[in-house]
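As structure tokens, the structure follows; a few thoughts come after it.
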Amino acid sequence: MPRVSDVEKKRSHARIIKEASKAFRSNGLSGTSVADVMRAAGLTHGGFYRHFSSKADLLASALEDAIKDAMSDLERATTPEEQRKALLRYVDLYLSPEHVRSVQEGCPLAAAATEAGRGDVTVRQAASVGSQYVVMLLSRAFANKTENSEAKARALLSLLVGTVTFARLADGVHDVDDWLNAAKVTAHQILEG
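Add 2 to a position in the sequence shown, counting from 1, and you land on the number used in the working numbering.
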């Protein structure tokens, strides 16, 4: 049986990752400070290095955790019918005004992709691996699986991330809806094609 301190360390580690995930989605990767994350997790800044080797290590772990969390419905789906339903739910939720407004709880790739692409190699690699994981889950959920399912999944992911990015830049509800509605049409074409 693990010692209480080991159990508590695991809980603290998970709490730090969850808080970092919320923080980087809200404030960006560079705008997320270790001190703020540790404070939000109810811990002192001094304990950080017992859990992570660097801020980049923390951000990579938080990004990985957030992506897995966002994709859990698709991950759990095992039959083709469950996968298809999970994919449709994912697209509908992704292209919703609620998702656009929920930066802190929204897609980690939409929040971090541009900054991760210019940043630390550890974070960039986590974003790359995470996006490949998302593409794999999306492609296996297409009803008409073909050799181009992966390409369609990449197109769908690009559409989703790009749409939410631009919708978050939009001025007013009408503009947000224009971005989302246009993307829904194209997303369903990709899903049916």
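C-beta atoms are modelled at their ideal positions from N, C-alpha and C, and glycine is treated no differently.
Status (buried if at least 16 other CB within 10 Å, exposed otherwise) for residue i
i, result
"E21", "buried"
"K12", "exposed"
"R27", "buried"
"V39", "buried"
"A43", "buried"
Residue j beta carbon less than 8 angstroms from that of residue i
i, j, result
"A143", "A88", "yes"
"H101", "V166", "yes"
"T188", "L161", "yes"
"E152", "V137", "yes"
Residue i to residue j span [Cα, whole Å]
i, j, result
"A112", "L159", "10 angstroms"
"H53", "H15", "6 angstroms"
"A157", "I192", "8 angstroms"
"R41", "N146", "48 angstroms"
"A79", "H190", "20 angstroms"
"S56", "T148", "42 angstroms"
"D8", "C109", "31 angstroms"
"A129", "A64", "10 angstroms"
"D177", "Y51", "44 angstroms"
"T81", "A185", "27 angstroms"
"E117", "N29", "11 angstroms"
"D179", "K154", "24 angstroms"
"P99", "L182", "8 angstroms"
Own chain residues within Cβ distance below 6 angstroms of residue i, not counting five before or after
i, result
"A58", "D122, T124, V125"
"L60", "A22, F54"
Nonlocal neighbours in the same chain, by C-beta distance under 8 angstroms from residue i, ignoring five residues either side
i, result
"L76", "Q85, A88, L89, Y92, L139, L140, A143"
Minimum Cβ-Cβ distance from residue i to chain E less than 8 angstroms
i, result
"C109", "Looking for chain E here will not work: only one protein chain is present."
Close Cβ partners of residue i (< 7 angstroms) along its chain, the five nearest in sequence each way excluded
i, result
"S32", "E117"
"A169", "V102, V178, W181, L182"
- Message: For a minimum of 4 consecutive residues, which ranges assigned as the alpha helix (DSSP H) are wholly contained in the stretch 28-81?
- Response: 36-42, 57-72, 74-78
- In chain order, which continuous runs of the alpha helix (DSSP H) of length 4 or greater are located wholly inside the stretch 107-165? 110-120, 123-143
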